[in-house]
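> Dumping the structure here so I can ask a few things about it.
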Amino acid sequence: MSKQTRRKFTSGFKAKVALETIKNQETLAELGKKFDVSPIVISKWKSELLDKLPGIFDRPGSASDESETVDTEKLYAQIGQLKVENDFLKKVSAKMGK
């Protein structure tokens, strides 16, 4: 028996095939024969495209701005905690050094 290797498709190829399915000019079986890809795989690519399509027109950076704000707040809280600990350790080491 020979071991069959999985084929890997580029994202550009996947997008091209998925867009062809959205046009609805050919069935999945016809597209499968045309591109030499299983109709089930084509269906998955179409679903993935439709799921991600609404996010294409989002403003760039809007989601990351929110996460940066949360990260910044966490970092400021951590800085405050470390400053308190540092001050405490300075006092303790000064008393022990005497």
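For the sequence shown, our numbering gives the first residue as 43, with consecutive numbering after it.
Cβ atoms here follow ideal geometry from the backbone N, Cα and C, with glycine treated the same way.
I want to know whether the region 112–129 touches the region 76–94 - three or more CB-CB distances under 8 angstroms.
Judged by Cβ distances under 8 angstroms, the region 112–129 makes no contact with the region 76–94, as fewer than three pairs qualify.
> Assign N66 to one of three DSSP states: helix, strand, or coil.
N66: coil per DSSP, three-state reduction.
> Output needed for G74: all residues of its chain with C-beta closer than 7 angstroms, excluding positions within five of it in sequence on either side, in chain order.
S80, P81, I84.
> Are there 16 or more other CB atoms within 10 angstroms of the CB of V134, so buried, or fewer, so exposed?
V134 should be labelled exposed.
> Sort K76, E110, M138, K132 by Cα distance to E62 and report the nearest one.
Taking only the C-alpha atoms, the option nearest E62 is K76.
> Go to I98, then tell me how far its alpha helix (DSSP H) extends in each direction, as first and last residue.
I98 -> no alpha helix (DSSP H), and no H or E assigned at all.
> Quick check on S85: does DSSP put it in helix, strand or coil?
Three-state result, S85: helix.
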